[in-house]
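Anchor point for the sequence shown: position 101 equals 101 in full-length UniProt numbering, and the numbering is continuous, going up by one each time. This report concerns only the one structure given below.
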Amino acid sequence: MGTGTTTVPPEVLKWEPTVRKYAQEFGVEPYVPLMLSLIMQESGGRLLDVMQSAEGAFNTNYPKIQNGITDPDYSIWAGVQEFKHSITIANVQSPSDINRIKLALQTYNFGPGFLNYINSNGGEYTLELAKSFALKMANGRTQCGFRSPFCYGDYSYVEKVLKYYQTSEIAGGGAVGDKFFQKVMAEAIKYKGYKYVFGGASPTASFDCSGLTQWTFRTAGVQLDRTAQMQWNQTKRISAEEAKPGDLVFFHGTYNSGTYITHVGIYQGNMQMYHAGDPLDYADLNKPYWQQHLAGFGRVQ
Numbered sequence: 001m002g003t004g005t006t007t008v009p010p011e012v013l014k015w016e017p018t019v020r021k022y023a024q025e026f027g028v029e030p031y032v033p034l035m036l037s038l039i040m041q042e043s044g045g046r047l048l049d050v051m052q053s054a055e056g057a058f059n060t061n062y063p064k065i066q067n068g069i070t071d072p073d074y075s076i077w078a079g080v081q082e083f084k085h086s087i088t089i090a091n092v093q094s095p096s097d098i099n100r101i102k103l104a105l106q107t108y109n110f111g112p113g114f115l116n117y118i119n120s121n122g123g124e125y126t127l128e129l130a131k132s133f134a135l136k137m138a139n140g141r142t143q144c145g146f147r148s149p150f151c152y153g154d155y156s157y158v159e160k161v162l163k164y165y166q167t168s169e170i171a172g173g174g175a176v177g178d179k180f181f182q183k184v185m186a187e188a189i190k191y192k193g194y195k196y197v198f199g200g201a202s203p204t205a206s207f208d209c210s211g212l213t214q215w216t217f218r219t220a221g222v223q224l225d226r227t228a229q230m231q232w233n234q235t236k237r238i239s240a241e242e243a244k245p246g247d248l249v250f251f252h253g254t255y256n257s258g259t260y261i262t263h264v265g266i267y268q269g270n271m272q273m274y275h276a277g278d279p280l281d282y283a284d285l286n287k288p289y290w291q292q293h294l295a296g297f298g299r300v301q
């Protein structure tokens, strides 16, 4: 079975305990990262109707209009059940069953009628089928602002949610994992935009690359050594194919430090990292500069 991870800001992560509480109650706890990704798209964590579940079947206490729910706890209670219904009828097998997850997410947005439409048109989610369903449900209306001519729901909902979500097979051993990665990134994202400071290893001083990884991993219960070279020495070598969110990614030759390893970042999945650049931010490992200096990946044991 696979697992999933999410990279969302503190405004969304603050709802994680409530989401997890109801996910446990309704038997969908492995999907908490996916639901947090969904919340990021639905409300950014900033609206009272956190999961935008007012118009769903499980809301019986508030008006069935957009943002009709004014109690965040109730929104999540109803939304988790709506989510469970969507993954159940879409026959999602695990948090890494991405093809069925796509169908479940679009069903969450469009309603269960979309699943019937898909089953009548080959049984597999595609963006084109989402568009054609939107056209059908809009009863010929094709003018609705930037979404024209698809004037029902959000046909691009799947793509918008999944940009915050990564899947992987469960690793044997090591510190990497769903909850660990979320703890690390919940701390790391607080400092997005901070200036790079050589020798920095705390929020008051800001961070250099290994200072950031040491500080954030410590909040998740893992003690890393202080320099990028020492962290390289401390971790187990893994391939790019084996690397999972929460692993470390290392570089050489980024400056003259007298050591082989000169830079380190937190791997996000999908060849992305979060690191102490200038400023602290995400970076695309496919870019030529990072490819030129890539030394490899490491996993804390």
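Beta carbons: idealized from backbone N, C-alpha and C, even for Gly.
- Under the three-state reduction of DSSP output, residue 37 falls in the helix class.
- One alpha carbon belongs to residue 38, the other to residue 81, and they sit about 13 Å apart.
- Under DSSP, residue 251 forms a beta bridge with 263 and 294.
- Here residue 89 carries a helix assignment [DSSP, helix/strand/coil].
- Of all alpha-carbon atoms in 108, 109, 130 and 105, the one lying nearest the alpha-carbon of residue 117 is that of 130.
- When C-alpha distances from residue 45 are compared across 19, 31 and 65, the shortest belongs to 19.
- Annotation for residue 149: 142 place their beta carbon closer than 6 Å to its own, counting only its chain and skipping 5 residues before and after.
- Annotation: the continuous alpha helix (DSSP H) that includes residue 157 extends over 157–162.
- In the DSSP assignment, residue 283 is bridged to 273.
- For residue 165, the three-state secondary structure derived from DSSP is strand.
- The segment 87–107 makes no contact with the segment 66–73: fewer than 3 CB pairs, one atom from each, lie closer than 8 Å.
- When 279, 262, 274 and 254 are compared, the shortest CA-CA separation from residue 288 is found for 254.
- Residue burial annotation: residue 65 is exposed, with fewer than 16 other C-beta atoms found within 10 angstroms of its C-beta.
- Under the three-state reduction of DSSP, residue 83 is assigned to helix.
- Within the same chain, and ignoring the five residues on either side of residue 109 in sequence, the residues whose Cβ sits closer than 6 Å to its Cβ are 153, 154 and 157.
- By the Cβ rule, the segment 180–196 counts as touching the segment 210–223, because three or more pairs are nearer than 8 Å.
- Each residue's CA atom was taken as its position, placing residue 246 and residue 140 some 47 Å apart.
- The DSSP-derived three-state label of residue 301 is coil.
- For residue 268 against residue 166, the beta-carbon gap comes to about 7 Å, under 8 Å, which counts as contact.
- Distances from the alpha-carbon of residue 252 to those of 239, 228, 10 and 85 put 228 closest.
- DSSP places residue 237 in the uninterrupted beta strand (DSSP E) bounded by 236–238.
- With a 10 Å radius around the Cβ and a threshold of 16 neighbouring Cβ atoms, residue 237 comes out exposed.
- The beta carbons of residue 6 and residue 36 sit closer together than 8 Å.
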